[in-house]
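Read the structure below first, then the notes.
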Amino acid sequence: MADAAECGVRVMCRFRPLNEAEIIRGDKYIPKFKEDDTVVITGKPYMFDRVLPPNTTQEQVYDQCAKQIVKDVLGGYNGTIFAYGQTSSGKTHTMEGKLHDPQLMGIIPRIARDIFDHIYSMDENLEFHIKVSYFEIYLDKIRDLLDVSKTNLAVHEDKNRVPYVKGCTERFVSSPEEVMDVIDEGKSNRHVAVTNMNEHSSRSHSIFLINIKQENIETEKKLSGKLYLVDLAGSEKVSKTGAEGAVLDEAKNINKSLSALGNVISALAEGTKTHVPYRDSKMTRILQDSLGGNCRTTIIICCSPSIYNEAETKSTLMFGQRAKTIKNTVSVNLELTAEEWKKKYEKEKEKNKNLKSIIQRLEAELNRWRNGENVPEEEQQSSKDQRSGEPYDNTAIIDNLLPAGGGVSVSGDERRKYEEDVRNLYKQLDDKDDEINQHSQLAEKLKEQMMDQEELLASTRRDYDKIQEELCRLQTENELAKEEVKEVLQALEELAVNYDQKSQEVEERNQANAQLTEKLQHKTALLSVLEREVSQLQELNGLQRKRAAEVLNLLLRDLSDIGAIIGTSDVKTAAGNGSALEEEFTVARLYISKMKSEVKSLVNRSKQLESAQADAHRKIQANEKELASCQLLISQHQAKIKSLTDYMQNMEQKKRQLEESQDALTEELAKLHAQGGLAGDGCDRVLHVRVFFSEYLND
11 MADAAECGVR VMCRFRPLNE AEIIRGDKYI PKFKEDDTVV ITGKPYMFDR VLPPNTTQEQ
71 VYDQCAKQIV KDVLGGYNGT IFAYGQTSSG KTHTMEGKLH DPQLMGIIPR IARDIFDHIY
131 SMDENLEFHI KVSYFEIYLD KIRDLLDVSK TNLAVHEDKN RVPYVKGCTE RFVSSPEEVM
191 DVIDEGKSNR HVAVTNMNEH SSRSHSIFLI NIKQENIETE KKLSGKLYLV DLAGSEKVSK
251 TGAEGAVLDE AKNINKSLSA LGNVISALAE GTKTHVPYRD SKMTRILQDS LGGNCRTTII
311 ICCSPSIYNE AETKSTLMFG QRAKTIKNTV SVNLELTAEE WKKKYEKEKE KNKNLKSIIQ
371 RLEAELNRWR NGENVPEEEQ QSSKDQRSGE PYDNTAIIDN LLPAGGGVSV SGDERRKYEE
431 DVRNLYKQLD DKDDEINQHS QLAEKLKEQM MDQEELLAST RRDYDKIQEE LCRLQTENEL
491 AKEEVKEVLQ ALEELAVNYD QKSQEVEERN QANAQLTEKL QHKTALLSVL EREVSQLQEL
551 NGLQRKRAAE VLNLLLRDLS DIGAIIGTSD VKTAAGNGSA LEEEFTVARL YISKMKSEVK
611 SLVNRSKQLE SAQADAHRKI QANEKELASC QLLISQHQAK IKSLTDYMQN MEQKKRQLEE
671 SQDALTEELA KLHAQGGLAG DGCDRVLHVR VFFSEYLND
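Residue numbering for the sequence shown follows this note's numbering, starting at 11 and increasing by one per position.
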């Protein structure tokens, strides 16, 4: 931190024009503008740093109210701009306006553009990191407008005792467009409502925070600055706004927080109160550094010009006048380099050395006074020399009690009494110093303990809520798991029964398959035997046919020879050799009859073989059909066996998943036991689920 300097809070007063409802109603226009810094209401003047009449443009408002603060923040100071006033007085129009209209945009979008314009024109050796946050205070709860799941954020203090909102979303931005995207996102989540006085009435206080850190790459000098842009909700009279239901509850909270802000302003304006009620509301807690702290603050009070709102306008003007008397102590947020720390150390070391020498001279002077000597005035340690050491020593009080002149005579009794009184006074001073130190230390310890206890209590409540939610979730999951396990058990029982039936069917089919295979092998062997016999019969039949053909050919040849003999030698036969011919005919007839009988037997044998061959073919076809049916049956059984195997594998996988679920529940139970937060009933339920899963998996 650089050396601190005192500066006042700047207060700007802006009047809006009469709105359509006020014009229709015929309301009187009451403000009179004397100079740039004065407005007169019903004869009473009110002075501010600047008064902005209704015809003031948005750009003029920005130039007068906010432009300088941008330079201050980039110079390492903290800044705050907030708009205050009754509902429908133009606060949101002043702070936001129409975000994407170059003419009607308000202070926040103009600041976003102006910051980057200044950065682009600054030294190239400077490196900037810009973060923005956007949150609202709704029903005295801090809601993150960039993450709607964060609905009740807490206010904490950093190491420098500066309040901040813990856990709010921070977005890094690198251009005005990114800032506008964040503003659009947050504005869409802000609470607004319709009242009799405003169609878009803000129902919460919104705070847009810009955090700028810069570092000079060459000198390693680091500066930081925060800029709070606050759009307060307006104070309301229920009789005018017609609020009811949820809107009425919102109005109560708005008026309560604005009343707390007024109390803080009054306490700071009086300057005599030792206690400033910053903690009465979260809004004043967040703005604690802006009101009486390390911050350059500008307040824009927005007023209605209508006589219908005269009381509220006067109240707003009085608020502004009180705020104008507040003094802030501002300093540059500078992070010292190692060399600067070294210089500061040497400076403090030299100052400490001077103080020690002053203390030694004062002690020597005091001892001379205690010994009854009169110290000449030129040898006395002057108060100017004491003040040069900055810390004011308690010896100055004693010096005022000592005689100033050197020529006063004191008797021995008086001297002893005087020395005794001085010793008593010193002892009392030492006792009081010790007592003050003890009380201060005790107060600090108690304060720290109280804060720790509050934090612990809040943490315990959060943990308790989390445990209750976790317990409810576990109970719900337990019930669902029970139902699921019941269904799984029923399915497993059905599967077991089906599996037994299918296994029995598979065994029966396997036995039938074995029998069919055995029959098939027997039929195949018989078929091969029959095929061999048929081939042998076919060969034999061929030989016999060949032989019969040869015999028949021989017979026919013999018959032809006989016919030829008979035809050519009838005379000769008739004359002398009738008996020999008769014998040859007889032999021929016998041979022919024998051949006929053999041919008949061969024909019969051939027919028998053909019939046997046909029977064998029929048997072969029947066996082939039976073999095909057996093979089809075997393939069907194999397909069923494969499907059953896949089903069993699926069931094994489900079993492994259930075992993994059991392990996960066991680990979660162990974690809850380790945290020591699980209730007895919830623990018994989880153990019951664990035992249930174990028994099921063992089965």
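Yeah, the Cβ is synthetic: ideal placement off N, Cα and C, and Gly gets one too.
Taking only the alpha-carbon atoms, compute the straight-line gap between residue i and residue j and give it to the nearest angstrom.
i           : j           : result
residue 710 : residue 75  : Any property of residue 710 remains undetermined from this structure, which presents the chain solely from 11 to 709.
residue 141 : residue 181 : 5 Å
residue 557 : residue 639 : 45 Å
residue 178 : residue 146 : 11 Å
residue 647 : residue 620 : 40 Å
residue 664 : residue 637 : 41 Å
residue 77  : residue 188 : 21 Å
residue 460 : residue 467 : 10 Å
residue 667 : residue 517 : 31 Å
residue 42  : residue 58  : 14 Å
residue 368 : residue 390 : 11 Å
residue 86  : residue 308 : 17 Å
residue 229 : residue 379 : 54 Å
residue 413 : residue 384 : Reliability fails at residue 413, whose pLDDT of 42 lies under 50, so the model's placement of it is uncertain and the value that follows must be treated cautiously. Rounded to the nearest angstrom, the two C-alpha atoms are 9 Å apart.
residue 428 : residue 388 : 24 Å
residue 628 : residue 595 : 48 Å
So, using beta-carbon positions, are residue i and residue j closer together than 9 Å?
i           : j           : result
residue 754 : residue 144 : Outside the displayed span of the chain (11 to 709) sits residue 754, for which this structure offers no information.
residue 329 : residue 275 : yes
residue 6   : residue 26  : Past the boundaries of the shown model lies residue 6; the chain is included only from 11 to 709, so the question cannot be answered.
residue 49  : residue 17  : no
residue 519 : residue 643 : yes
residue 271 : residue 344 : no
residue 661 : residue 502 : yes
residue 19  : residue 268 : no
residue 359 : residue 346 : no
residue 155 : residue 120 : no
residue 279 : residue 321 : no
residue 113 : residue 66  : no
residue 541 : residue 630 : yes
residue 226 : residue 136 : yes
residue 281 : residue 338 : no
If distances are taken between C-alpha atoms only, which option among the options comes closest to residue i?
i           : options               : result
residue 683 : 477, 548, 665 and 515 : 477
residue 61  : 310, 240 and 133      : 310
residue 560 : 609, 520 and 121      : 609
residue 632 : 533, 554, 568 and 616 : 533
residue 224 : 599, 133 and 541      : 133
residue 95  : 52, 257, 592 and 244  : 244
residue 84  : 52, 371, 342 and 44   : 342
residue 238 : 186, 82, 497 and 635  : 82
residue 685 : 171, 480, 386 and 113 : 480
residue 231 : 258, 172 and 349      : 349
residue 138 : 494, 235 and 287      : 235
residue 106 : 117, 98 and 97        : 117
residue 296 : 63, 152 and 158       : 152
Let's test the definition: count the other Cβ atoms within 10 Å of the Cβ of residue i and tell me whether it reaches 16, buried, or not, exposed.
i           : result
residue 298 : buried
residue 340 : buried
residue 507 : exposed
residue 260 : buried
residue 216 : buried
residue 483 : exposed
residue 241 : buried
residue 659 : exposed
residue 474 : exposed
residue 362 : exposed
residue 471 : exposed
residue 319 : buried
residue 127 : exposed
residue 101 : buried
residue 681 : exposed
residue 611 : exposed
residue 130 : exposed
residue 110 : exposed
residue 579 : No answer about residue 579 holds up, because its pLDDT of 46 lies below 50 and its placement is not dependable.
Within 8 Å: the Cβ of residue i and any heavy atom of the ligand FMN?
i           : result
residue 619 : Ligands in the displayed structure: none, and consequently the ligand FMN is not present.
ask   = Whole beta strand (DSSP E) runs in the region 252–315 with 3 or more residues, listed along the chain?
value = 306–313
query = Which full runs of the beta strand (DSSP E) of 3+ residues lie inside the region 32–98, going along the chain?
reply = 41–45, 48–51, 54–57, 60–62 and 89–95
key: alpha helix (DSSP H) runs contained entirely in the region 644–683, provided each spans 4 or more residues   = none
task = Enumerate, from N- to C-terminal direction, the unbroken beta strand (DSSP E) stretches of 3 or more residues contained entirely within the region 325–398.
result = 337–340 and 343–345
request  = Any chance you could list the alpha helix (DSSP H) runs of at least 4 consecutive residues sitting entirely within the region 88–150, in chain order?
outcome  = 101–105 and 117–131
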